[in-house]
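Down below is the structure, laid out as structure tokens.
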Amino acid sequence: MMRLQPMLPVEKPLPADESGFIHEIKWDGYRVLAYLDDGDVRLESRNGRNLNHLFPQLVESARQKRLRAILDGEVVALTADGRVDFSLLRSCGIRPRHICYIVFDLLYCQSEDFCPKPWFERRERLETLIESEGALMLSPLLPGSARDCLTFAAEQDFEGIVSKQRNSPYLPGTRSSLWRKQKIRKSLDCILVGVKTGKAQVRSMAVGTYRADGSLFYLGNVGSGLGHEELDFLRQAMELLATSGLAHCPCVNPPPDADDLVWCQPLLVVEIEYFELTPCKRLRHPVFLRFRFDKDPKECRMEVYFDDD
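According to this note's numbering, the residues represented by the sequence shown are 30 to 338, in order.
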């Protein structure tokens, strides 16, 4: 069975006439493609890593479907009251009923390539394959306008919404404005490029992102949101990431006050919440949200979030 990469949305408002778009919840979990081959199952991350060992209960549930299909969706962890909690995905001893695979697209089914078909045809077929509840669950569609859906998402503590053109094909490995995401919180994925130290302790992290020309661009330092657990993890991570002994900032625009910064290989992705980007492209009021072990640093590109000029 062919191997694919997921289609990705852009972070961009909808046009004034949004009648051609449908709206779904933006789930806060791991993006996963599920390859089902009549009992054989492989769950893959967006980078192609096999995740079967992390979610054996989902593998078994998918195996019972006895389908020949490629599904796209998000693995999420649910709290006892049914809310999505990303932190539970990295916790040990999660009970099976707390993990589910939210399926929102169909790429392949019974020897037929569904990617060129419009979204509404893929959805119609998907609704015949996946139920609205269970370990493998169909992602619900949200009624109303994008504004109504964003209000609902905020009230229910979801991350945001994804709006998709009804006639859009599925474009594997492509970030397209046919799909548009809108977040409740303004955040972006950055790359750890170093840490700031003081009194032999990690105090904050230096972060950056890739530009269109492939260069790494420094966006600032982040200290808020880092608890003892995160700081301890950073200390341990730096023992590995800094082993090559980077003497200089890996970014094309090193900060002037870098004497107490220790640089590292750009291999770890972190999600940062921020108020705005300053005119000189520095994050204003940045706050650490979480480590993103499921993402490749090469995906952190400035043009995805900002005008790269």
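Positions of the beta carbon are idealized from the N, C-alpha and C atoms, including for glycine.
| field | Boundaries (first-last residue) of the alpha helix (DSSP H) holding E259 | value | 257–270
| task | Below 6 Å CB to CB, which residues in the same chain sit around L118 once its five sequence neighbours on both sides are set aside? | result | A106
| field | Buried versus exposed call for N79 [16 or more other C-beta atoms within 10 Å across all chains shown] | value | exposed
| task | Starting from the N-terminal side, write out each stretch of the beta strand (DSSP E) that is 3 residues or longer and does not extend beyond the segment 71–146. | result | 97–106, 128–138
| message | Let me confirm a value: H257 is counted as buried when at least 16 other C-beta atoms fall within 10 Å, else exposed. Which label applies? | response | exposed
| message | Could you give the first and the last residue of the continuous alpha helix (DSSP H) run that contains T226? | response | Here T226 belongs to no alpha helix (DSSP H); instead the beta strand (DSSP E) covers 216–227.
| task | Please report how far the alpha carbon of G122 lies from the alpha carbon of D114, in whole angstroms. | result | With a pLDDT of only 47 at G122, under the threshold of 50, the placement of this residue in the model should not be trusted; the figure read from the coordinates follows. Approximately 15 Å, taken between the alpha carbons.
| request: Specify the secondary structure class of A63 as computed by DSSP and reduced to three states. | output: strand
| Residues bridged to N250 by DSSP? | A235
| message | For the alpha helix (DSSP H) containing E184, name the first residue and the last one. | response | 175–184
| Who are the near neighbours of K324 in its chain, counting only those whose CB is closer than 7 Å to its CB and skipping five residues on each side? | D218, V298
| Should C329 be labelled buried (16 or more other beta-carbon atoms within 10 Å of its own) or exposed? | buried
| Span separating the alpha-carbon of L260 from that of M234 | 9 Å
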